[in-house]
Every structure is written in structure tokens, then in C-alpha cells.
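Working notes for the structure below.
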Amino acid sequence: ACDGLILDLEDAVAPDAKPAARDAAAAAAASGDYGRRTVTIRVNGLGTEWHDDDIVAASQAGPAAVVVPKVDSADDVARLVAAMEKAGAPDHTRLWAMVETPVAILSALEIARASQRLGAFVLGTNDLVKELYAEHVPGRAPVLPSLHTALLAGRAAGIAVIDGVYN
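As numbered in the numbering used here, residues 45 to 211 make up the sequence shown, in order.
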């Protein structure tokens, strides 16, 4: 039992399996088989060789959201929204931006206000710990200032903020 799913095309998929995973995730998201659960697809990041095809397939599948890793700026949001709309994403399909780098944290409010289509921040806590040269510790002290900054920006802009994994 769960409230939602993120069908992952990024870290969970080996490079040679990405095209097949893309097709499977798009079919699963479009199937309607998950009832009232929130179904999203996490695509590969901007600049990767899989990103453009992922955005098209995910947008056309019409999930609740397309989750994009390492969104660092309002310009990234604008490019992503334009690509989703060009691919025919239905109005209900939102962009969820993963905030997981120091640049993203420092630009969080600008990112959060970049588009009405942006529905949430997803905190990429493992990558943030890595980018900060920090360690995973009980209580997450090394990343708490970053998490608070993202939370403040998200709430100021009226978007959801979804916590990342807690190791």
C-alpha cells in the first residue's frame, strides 16, 4: 500500500536498458492500473543522451508528474515546461523538480516561482550530501540548512515539497 509511485528511468536503470524501461514506464503510467495513487515518471536529467526521448514519452503518457533530477535554475524549468508542452503533456501533468545541488538550493525561490506547471520540489538528499562533501548522519545535520531553504522556497511559492530518502 502506498499513496504514489515514482517510476524511475534514471539511477535505477542501466544505460543499455533505458529505452525498454522508458517504454515500460510510459505504458504503466498511461494504463490507469494504479487507481487513485499518484503516478509519476522520473526521467534522466537535462543534458543526458536519454533526456529528450524520456521527456517526450513521459509527457505523452500523461502521469501526474514528470520528475526531473538536478534542476538548477528557472531557465531549466522553462526549458522543461516547453519540452513537456511541445510533447503534448496534458494539463494535469505537472513538473516536479529535484533539488539536489548547492546551485539549486541557492536558486530555490527562483526555481519554485518559475512556472505554474511546477507542482513540487523533490529533495535529492543523497546527491545533496555528496555535493556538499558531507556524511550521512542521524538527524541529517549537514543538510538541514539546505532542506530548510528548499522548504521555505517551496512554501513561499505555494508548491509541495517532498522529502528525499532518509538513510
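Don't be surprised by glycine CBs; every beta carbon is placed ideally from N, CA and C.
Expected contact under 8 Å - CB spacing of residue i and residue j to nearest Å
{"i": "Leu167", "j": "Val205", "result": "7 Å"}
{"i": "Gly208", "j": "Thr169", "result": "3 Å"}
{"i": "Val121", "j": "Ser159", "result": "5 Å"}
Boundaries (first-last residue) of the beta strand (DSSP E) holding residue i
{"i": "Gly48", "result": "Gly48 to Asp52"}
{"i": "Ala204", "result": "Ala204 to Ile206"}
Beta-carbon gap between residue i and residue j smaller than 9 Å
{"i": "Val111", "j": "Ile50", "result": "yes"}
{"i": "Ile155", "j": "Val181", "result": "no"}
{"i": "Ala69", "j": "Leu53", "result": "yes"}
{"i": "Asp97", "j": "Pro63", "result": "yes"}
{"i": "Ala164", "j": "Trp140", "result": "yes"}
{"i": "Ala65", "j": "Ala102", "result": "no"}
{"i": "Arg161", "j": "Arg184", "result": "no"}
{"i": "Arg157", "j": "Ala118", "result": "yes"}
{"i": "Val143", "j": "Ala178", "result": "no"}
{"i": "Leu124", "j": "Ile149", "result": "no"}
First and last residue of the uninterrupted alpha helix (DSSP H) at residue i
{"i": "Arg66", "result": "Lys62 to Ser75"}
{"i": "Ala173", "result": "The sequence as given places Val at residue 173; Ala does not occur at that position. Note, Val173: alpha helix (DSSP H), Thr169 to Glu175."}
{"i": "Arg80", "result": "Where Arg80 is concerned, there is no enclosing alpha helix (DSSP H), given that its DSSP letter is neither H nor E."}
{"i": "Thr193", "result": "Leu188 to Ala201"}
*Taking only runs that begin and end inside the stretch 101-165, name each unbroken alpha helix (DSSP H) of 4 or more residues, in chain order.*
You should have 118-130, 146-150 and 152-156.
*Okay, do the stretch 76-93 and the stretch 101-109 touch, 3+ Cβ pairs below 8 Å being the bar?*
The stretch 76-93 is in contact with the stretch 101-109.
_Three-pair Cβ contact test at 8 Å for the stretch 168-184 versus the stretch 125-137_ = Three or more beta-carbon pairs separated by less than 8 Å are not found between the stretch 168-184 and the stretch 125-137, which leaves the two stretches without contact.
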